[in-house]
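Step one of this worksheet: look at the structure below.
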Amino acid sequence: MKVLGLSFGKKNANTDILVKEALYGAKEAFPDAEINFINTQRLNIGRCIGCGACSTALEKGKDNNCIIKDDFQMVEEAVREADAIILGAPVYVLQPVGQFKDFVDRFSCRHDVSAINWVLDKRRAGEAPGNADDYPIERLRRRTVSYISVGGASTENWVSMGTATLHLFGFPAMMKVVANYNANSMGTIGNPYLNDEMIGHMHEIGKRTAAAVEMDDKDVEFYGPKGMGTCPVCHQNLLTVNGTTTVECPICGIEGKISIDGDKLNVEFSEAQQARARGTFAGLREHTTEIQGFGAICGPKIMANKELLEKKMERVKKFDEMINA
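Going by full-length UniProt numbering, 300 is the number at position 300 of the sequence shown; the sequence numbering is gapless.
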(Lines of atoms letter the chains of each structure in order from A and count residues from 1; the text may use other names and numbers.)
(Lines give C-alpha, C1' and ligand atoms only; values in the text may rest on other atoms or scores of the structure.)
Protein backbone atom coordinates (compact mmCIF):
# COMPACT_ATOMS: atom_id res chain seq x y z
CA MET A 1 0.00 0.00 0.00
CA LYS A 2 1.25 3.47 -0.92
CA VAL A 3 0.07 6.43 1.17
CA LEU A 4 0.76 9.97 -0.02
CA GLY A 5 0.68 13.14 2.04
CA LEU A 6 0.24 16.40 0.13
CA SER A 7 0.71 19.71 1.92
CA PHE A 8 0.10 23.10 0.31
CA GLY A 9 1.25 24.93 3.44
CA LYS A 10 4.53 26.36 4.72
CA LYS A 11 7.38 23.96 5.34
CA ASN A 12 7.15 22.35 8.82
CA ALA A 13 4.25 24.66 9.76
CA ASN A 14 0.73 23.71 10.85
CA THR A 15 -0.44 22.03 7.63
CA ASP A 16 2.76 19.98 7.36
CA ILE A 17 2.41 18.92 10.99
CA LEU A 18 -1.16 17.72 10.60
CA VAL A 19 -0.61 15.88 7.31
CA LYS A 20 2.54 14.19 8.63
CA GLU A 21 0.79 13.12 11.84
CA ALA A 22 -1.96 11.56 9.74
CA LEU A 23 0.76 9.69 7.85
CA TYR A 24 2.16 8.48 11.18
CA GLY A 25 -1.32 7.15 11.92
CA ALA A 26 -1.42 5.29 8.60
CA LYS A 27 1.99 3.78 9.34
CA GLU A 28 0.86 2.69 12.81
CA ALA A 29 -2.08 0.81 11.33
CA PHE A 30 -0.16 -0.55 8.33
CA PRO A 31 3.57 -0.91 9.19
CA ASP A 32 4.37 -2.20 5.70
CA ALA A 33 2.82 0.81 3.98
CA GLU A 34 5.09 2.92 1.77
CA ILE A 35 4.77 6.53 2.92
CA ASN A 36 5.52 9.53 0.72
CA PHE A 37 5.18 13.22 1.60
CA ILE A 38 5.32 16.26 -0.68
CA ASN A 39 5.25 19.91 0.34
CA THR A 40 4.27 21.93 -2.72
CA GLN A 41 4.88 25.50 -1.53
CA ARG A 42 8.23 26.01 -3.26
CA LEU A 43 7.31 23.96 -6.31
CA ASN A 44 6.55 25.59 -9.65
CA ILE A 45 2.97 24.60 -10.48
CA GLY A 46 1.62 26.96 -13.10
CA ARG A 47 -2.05 27.60 -13.74
CA CYS A 48 -4.11 25.90 -16.42
CA ILE A 49 -4.17 28.13 -19.51
CA GLY A 50 -7.31 26.56 -20.98
CA CYS A 51 -5.53 25.50 -24.18
CA GLY A 52 -7.50 22.25 -24.47
CA ALA A 53 -4.44 20.37 -25.71
CA CYS A 54 -4.99 17.51 -23.25
CA SER A 55 -8.57 16.89 -24.41
CA THR A 56 -7.66 17.27 -28.08
CA ALA A 57 -4.79 14.79 -27.76
CA LEU A 58 -7.03 12.22 -26.10
CA GLU A 59 -9.65 12.57 -28.83
CA LYS A 60 -6.92 12.07 -31.46
CA GLY A 61 -5.87 8.74 -29.98
CA LYS A 62 -2.97 10.01 -27.88
CA ASP A 63 -2.34 10.41 -24.16
CA ASN A 64 -3.85 13.40 -22.39
CA ASN A 65 -0.68 14.69 -20.74
CA CYS A 66 -0.43 18.38 -19.90
CA ILE A 67 1.77 20.32 -22.34
CA ILE A 68 2.97 22.73 -19.62
CA LYS A 69 6.15 21.26 -18.17
CA ASP A 70 6.95 22.19 -14.59
CA ASP A 71 6.78 20.54 -11.15
CA PHE A 72 3.16 19.57 -11.71
CA GLN A 73 4.12 16.31 -13.41
CA MET A 74 6.07 15.10 -10.36
CA VAL A 75 3.15 15.69 -8.02
CA GLU A 76 0.68 14.19 -10.49
CA GLU A 77 2.77 11.03 -10.80
CA ALA A 78 2.91 10.70 -7.01
CA VAL A 79 -0.90 10.90 -6.88
CA ARG A 80 -1.19 8.28 -9.63
CA GLU A 81 1.05 5.89 -7.69
CA ALA A 82 -0.80 6.36 -4.39
CA ASP A 83 -3.53 4.15 -3.00
CA ALA A 84 -4.48 6.59 -0.24
CA ILE A 85 -3.98 10.36 -0.05
CA ILE A 86 -3.98 12.80 2.86
CA LEU A 87 -4.31 16.33 1.47
CA GLY A 88 -3.95 19.46 3.55
CA ALA A 89 -4.03 23.15 2.67
CA PRO A 90 -4.09 26.40 4.63
CA VAL A 91 -6.92 28.90 4.33
CA TYR A 92 -5.93 32.56 4.03
CA VAL A 93 -9.13 34.04 2.60
CA LEU A 94 -12.17 31.76 3.12
CA GLN A 95 -10.82 28.91 1.00
CA PRO A 96 -7.53 27.08 0.31
CA VAL A 97 -4.49 28.85 -1.12
CA GLY A 98 -4.36 29.51 -4.86
CA GLN A 99 -1.62 26.96 -5.58
CA PHE A 100 -4.07 24.21 -4.64
CA LYS A 101 -6.58 25.46 -7.22
CA ASP A 102 -3.86 25.76 -9.86
CA PHE A 103 -3.00 22.11 -9.26
CA VAL A 104 -6.62 20.99 -9.27
CA ASP A 105 -7.43 22.79 -12.53
CA ARG A 106 -4.68 20.87 -14.29
CA PHE A 107 -5.15 17.54 -12.50
CA SER A 108 -8.88 16.97 -12.19
CA CYS A 109 -9.98 17.70 -15.75
CA ARG A 110 -7.47 15.17 -17.07
CA HIS A 111 -8.42 12.49 -14.56
CA ASP A 112 -12.17 12.73 -15.09
CA VAL A 113 -13.30 9.10 -15.12
CA SER A 114 -16.38 9.75 -17.25
CA ALA A 115 -14.70 11.96 -19.85
CA ILE A 116 -11.83 9.52 -20.35
CA ASN A 117 -14.14 6.51 -20.61
CA TRP A 118 -16.31 8.45 -23.08
CA VAL A 119 -13.34 8.69 -25.45
CA LEU A 120 -12.18 5.11 -24.79
CA ASP A 121 -15.68 3.82 -25.63
CA LYS A 122 -15.53 5.75 -28.91
CA ARG A 123 -12.16 4.15 -29.66
CA ARG A 124 -13.60 0.70 -29.03
CA ALA A 125 -16.51 1.47 -31.35
CA GLY A 126 -14.16 2.71 -34.07
CA GLU A 127 -15.58 6.24 -33.78
CA ALA A 128 -12.29 7.77 -32.62
CA PRO A 129 -8.66 7.10 -33.53
CA GLY A 130 -6.40 5.07 -31.28
CA ASN A 131 -6.55 1.80 -29.37
CA ALA A 132 -8.45 1.91 -26.09
CA ASP A 133 -6.00 -0.61 -24.62
CA ASP A 134 -3.15 1.86 -25.08
CA TYR A 135 -4.51 4.19 -22.42
CA PRO A 136 -2.91 3.51 -18.98
CA ILE A 137 -6.17 2.51 -17.30
CA GLU A 138 -4.32 2.21 -13.98
CA ARG A 139 -4.78 5.97 -13.67
CA LEU A 140 -8.51 5.47 -13.18
CA ARG A 141 -8.26 2.96 -10.36
CA ARG A 142 -9.98 3.59 -7.03
CA ARG A 143 -8.17 5.69 -4.41
CA THR A 144 -9.13 6.93 -0.97
CA VAL A 145 -8.61 10.50 0.22
CA SER A 146 -9.06 12.67 3.31
CA TYR A 147 -8.98 16.46 3.52
CA ILE A 148 -7.49 18.74 6.17
CA SER A 149 -8.22 22.47 6.03
CA VAL A 150 -6.07 24.67 8.26
CA GLY A 151 -7.05 28.20 9.32
CA GLY A 152 -6.20 30.70 12.01
CA ALA A 153 -9.66 32.12 12.65
CA SER A 154 -11.66 31.04 15.68
CA THR A 155 -14.74 32.29 13.83
CA GLU A 156 -15.47 29.25 11.72
CA ASN A 157 -17.25 31.13 8.93
CA TRP A 158 -13.89 32.69 8.00
CA VAL A 159 -12.78 29.23 6.85
CA SER A 160 -16.19 28.02 5.68
CA MET A 161 -15.02 27.08 2.19
CA GLY A 162 -11.90 25.21 3.32
CA THR A 163 -12.75 21.51 3.29
CA ALA A 164 -15.54 22.17 0.78
CA THR A 165 -13.08 23.46 -1.82
CA LEU A 166 -10.64 20.62 -1.16
CA HIS A 167 -13.30 18.24 -2.51
CA LEU A 168 -12.61 19.63 -6.00
CA PHE A 169 -9.46 17.50 -6.05
CA GLY A 170 -10.99 14.06 -5.76
CA PHE A 171 -14.46 13.97 -7.26
CA PRO A 172 -13.52 13.88 -11.01
CA ALA A 173 -11.31 10.85 -10.30
CA MET A 174 -14.08 9.34 -8.13
CA MET A 175 -11.82 9.10 -5.08
CA LYS A 176 -13.53 7.78 -1.97
CA VAL A 177 -13.59 10.52 0.69
CA VAL A 178 -12.94 9.07 4.13
CA ALA A 179 -12.67 12.17 6.32
CA ASN A 180 -12.89 15.97 6.51
CA TYR A 181 -11.14 17.95 9.21
CA ASN A 182 -11.43 21.71 9.67
CA ALA A 183 -8.42 22.70 11.79
CA ASN A 184 -9.44 26.30 12.42
CA SER A 185 -8.62 28.33 15.54
CA MET A 186 -4.89 27.84 14.95
CA GLY A 187 -4.47 31.51 15.85
CA THR A 188 -5.34 30.65 19.45
CA ILE A 189 -4.15 27.03 19.58
CA GLY A 190 -0.69 28.17 18.46
CA ASN A 191 0.69 24.82 17.32
CA PRO A 192 -1.08 21.49 16.67
CA TYR A 193 1.24 19.78 19.16
CA LEU A 194 -0.37 21.82 21.92
CA ASN A 195 -3.70 20.12 21.21
CA ASP A 196 -3.57 16.38 21.88
CA GLU A 197 -7.15 15.88 20.70
CA MET A 198 -6.33 17.35 17.28
CA ILE A 199 -3.26 15.15 16.90
CA GLY A 200 -5.39 12.17 17.90
CA HIS A 201 -7.85 13.00 15.13
CA MET A 202 -4.98 13.13 12.62
CA HIS A 203 -3.83 9.64 13.58
CA GLU A 204 -7.38 8.33 13.29
CA ILE A 205 -7.79 9.97 9.87
CA GLY A 206 -4.56 8.37 8.68
CA LYS A 207 -5.58 4.94 9.93
CA ARG A 208 -9.06 5.14 8.41
CA THR A 209 -7.86 6.50 5.05
CA ALA A 210 -5.39 3.65 4.69
CA ALA A 211 -7.84 1.00 5.92
CA ALA A 212 -10.48 2.15 3.41
CA VAL A 213 -8.18 1.14 0.54
CA GLU A 214 -9.07 -2.48 1.24
CA MET A 215 -12.79 -1.87 1.87
CA ASP A 216 -15.84 -1.58 -0.36
CA ASP A 217 -17.16 1.98 -0.59
CA LYS A 218 -20.41 0.98 1.10
CA ASP A 219 -18.48 -0.23 4.15
CA VAL A 220 -16.44 2.97 4.62
CA GLU A 221 -17.79 5.02 7.52
CA PHE A 222 -17.19 8.74 7.06
CA TYR A 223 -15.13 10.37 9.80
CA GLY A 224 -16.02 13.96 10.65
CA PRO A 225 -14.87 14.98 14.13
CA LYS A 226 -16.91 18.22 14.10
CA GLY A 227 -20.13 16.67 12.83
CA MET A 228 -21.34 14.77 9.79
CA GLY A 229 -22.55 17.78 7.81
CA THR A 230 -25.85 18.50 6.08
CA CYS A 231 -25.05 16.80 2.76
CA PRO A 232 -24.94 13.00 3.16
CA VAL A 233 -22.40 12.68 0.32
CA CYS A 234 -19.69 15.32 0.92
CA HIS A 235 -20.72 16.03 4.53
CA GLN A 236 -20.50 19.79 4.07
CA ASN A 237 -22.95 22.34 5.49
CA LEU A 238 -23.04 24.65 2.47
CA LEU A 239 -26.37 25.00 0.66
CA THR A 240 -27.55 26.96 -2.38
CA VAL A 241 -31.05 28.38 -1.92
CA ASN A 242 -33.37 29.77 -4.58
CA GLY A 243 -36.37 30.98 -2.60
CA THR A 244 -38.18 27.62 -2.70
CA THR A 245 -38.08 24.53 -0.53
CA THR A 246 -35.63 22.96 -3.00
CA VAL A 247 -31.99 23.49 -2.11
CA GLU A 248 -28.76 22.23 -3.64
CA CYS A 249 -25.41 21.10 -2.33
CA PRO A 250 -22.94 23.28 -4.29
CA ILE A 251 -20.20 20.67 -3.92
CA CYS A 252 -22.13 17.57 -5.02
CA GLY A 253 -24.68 19.31 -7.28
CA ILE A 254 -27.59 17.36 -5.82
CA GLU A 255 -31.01 18.68 -4.83
CA GLY A 256 -32.69 18.29 -1.48
CA LYS A 257 -35.92 19.37 0.19
CA ILE A 258 -35.89 21.55 3.29
CA SER A 259 -38.35 21.55 6.15
CA ILE A 260 -38.46 23.54 9.38
CA ASP A 261 -39.04 21.99 12.81
CA GLY A 262 -39.00 24.84 15.31
CA ASP A 263 -35.48 26.27 15.16
CA LYS A 264 -34.15 23.20 13.36
CA LEU A 265 -33.62 23.08 9.60
CA ASN A 266 -33.91 19.62 8.04
CA VAL A 267 -32.73 18.74 4.54
CA GLU A 268 -33.63 15.46 2.88
CA PHE A 269 -31.64 14.24 -0.12
CA SER A 270 -33.26 11.31 -1.92
CA GLU A 271 -31.31 8.17 -2.79
CA ALA A 272 -31.75 9.03 -6.47
CA GLN A 273 -30.14 12.43 -5.96
CA GLN A 274 -27.28 11.00 -3.94
CA ALA A 275 -26.64 8.48 -6.73
CA ARG A 276 -25.97 11.34 -9.19
CA ALA A 277 -23.59 13.38 -7.03
CA ARG A 278 -20.58 14.81 -8.83
CA GLY A 279 -18.25 12.18 -7.39
CA THR A 280 -20.27 9.33 -8.92
CA PHE A 281 -19.97 8.05 -12.47
CA ALA A 282 -23.59 9.04 -13.16
CA GLY A 283 -22.97 12.60 -11.98
CA LEU A 284 -19.78 12.94 -13.98
CA ARG A 285 -21.45 11.47 -17.06
CA GLU A 286 -24.18 14.15 -16.91
CA HIS A 287 -21.47 16.78 -17.21
CA THR A 288 -19.59 14.90 -19.94
CA THR A 289 -22.77 14.64 -22.00
CA GLU A 290 -23.43 18.35 -21.55
CA ILE A 291 -19.91 19.32 -22.66
CA GLN A 292 -19.90 16.97 -25.64
CA GLY A 293 -23.06 18.69 -26.88
CA PHE A 294 -21.52 22.18 -26.94
CA GLY A 295 -20.02 21.80 -30.40
CA ALA A 296 -23.30 20.98 -32.09
CA ILE A 297 -24.88 24.06 -30.53
CA CYS A 298 -22.11 26.65 -30.74
CA GLY A 299 -20.46 25.55 -34.00
CA PRO A 300 -23.38 26.45 -36.33
CA LYS A 301 -24.11 29.59 -34.30
CA ILE A 302 -20.54 30.87 -34.69
CA MET A 303 -20.36 30.01 -38.39
CA ALA A 304 -23.66 31.75 -39.08
CA ASN A 305 -22.32 34.92 -37.45
CA LYS A 306 -18.73 34.69 -38.67
CA GLU A 307 -18.55 38.11 -40.34
CA LEU A 308 -20.34 39.83 -37.47
CA LEU A 309 -18.03 38.27 -34.89
CA GLU A 310 -14.90 39.14 -36.86
CA LYS A 311 -15.99 42.77 -36.87
CA LYS A 312 -16.98 42.78 -33.20
CA MET A 313 -13.70 41.09 -32.17
CA GLU A 314 -11.76 44.11 -33.42
CA ARG A 315 -12.95 45.86 -30.25
CA VAL A 316 -10.99 43.25 -28.28
CA LYS A 317 -7.96 42.72 -30.48
CA LYS A 318 -7.41 46.45 -31.03
CA PHE A 319 -8.53 47.54 -27.58
CA ASP A 320 -5.56 49.77 -26.75
CA GLU A 321 -5.91 51.54 -30.07
CA MET A 322 -9.67 51.96 -29.98
CA ILE A 323 -10.36 52.74 -26.32
CA ASN A 324 -8.60 56.12 -26.50
CA ALA A 325 -9.48 57.00 -30.12
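The C-beta atom is built at its ideal place from N, Cα and C for all residues, glycine as well.
- For a cut-off of 8 angstroms, the C-beta gap from Gly187 to Ala153 is around 6 angstroms, short enough to register as a contact.
- Excluding residues up to 5 positions away in sequence, Leu18, Glu21, Ala22 and Gly25 lie with their Cβ nearer than 7 angstroms to the Cβ of Met202 in the same chain.
- By the Cβ rule, the region 274-288 counts as touching the region 104-119, because three or more pairs are nearer than 8 angstroms.
- Taking the C-beta atoms as reference points, Gln273 is found no nearer than 8 angstroms to Thr165.
- Around the CB of Gly9, 16 or more other CB atoms lie within 10 Å, so the residue is classed as buried.
- Taking 3 residues as the minimum length, the beta strand (DSSP E) runs contained wholly in the region 69-146 are 84-93, in order along the chain.
- Counting only runs of 3 or more residues that sit fully inside the region 211-266, the beta strand (DSSP E) segments are 246-248 and 255-261, in chain order.
- Boundaries of the beta strand (DSSP E) around Val3: Lys2 to Ser7.
- Judged by DSSP secondary structure, Val19 falls outside any beta strand (DSSP E) and instead within the alpha helix (DSSP H) spanning Asn14 to Ala29.
- Separation of Ala304 and Gly293 (C-alpha to C-alpha, rounded to the nearest whole angstrom) is 18 angstroms.
- In the DSSP assignment, Ala179 forms a beta bridge with Ser146 and Tyr223.
- Around the beta carbon of Pro232, 16 or more other beta carbons sit within 10 angstroms, so the residue counts as buried.
- Between Met313 and Phe319, the alpha-carbon positions lie close to 9 angstroms from each other.
- Under the three-state reduction of DSSP output, Ile291 falls in the helix class.
- Between Ala179 and Gly130, the C-beta spacing is not below 8 angstroms.
- Rounded to the nearest angstrom, the gap between the Cα atoms of Cys298 and Lys27 is 52 angstroms.
- Below 8 angstroms, too few C-beta pairs join the region 27-38 and the region 60-70 to call them touching: fewer than three.
- If you draw a straight line from the Cα of Ala128 to the Cα of Met161, it comes to about 40 angstroms.
- DSSP places Phe319 within a helical segment (H, G or I) once states are collapsed to three.
- Counting along the chain, no alpha helix (DSSP H) covers Glu34; the unbroken beta strand (DSSP E) around it starts and ends at Glu34 to Asn39.
- Following the DSSP letters along the chain, one finds Gly279 in no alpha helix (DSSP H), marked with neither H nor E.
- In the assembly as shown, Ile251 is a buried residue. Its beta-carbon has 16 or more other beta-carbons within 10 Å.
- Rounded to whole angstroms, the gap between the alpha carbons of Ala89 and Ala277 is 24 angstroms.
- Between Met174 and Gly279, the gap from beta carbon to beta carbon is short of 8 angstroms.
- Cβ contact annotation for Arg47 (same chain, cutoff 6 angstroms, sequence separation greater than five): Asp102, in chain order.
- The closest CA to that of Asn266, considering only Thr246, Ala275 and Phe281, is found on Thr246.
- The beta carbon of His235 is closer than 7 angstroms to those of Asn180, Phe222, Gly224, Met228 and Gly229 in its chain, skipping five residues each way along the sequence.
- The beta carbons of Val113 and Pro172 sit about 7 angstroms from each other, so the pair counts as a contact at 8 angstroms.
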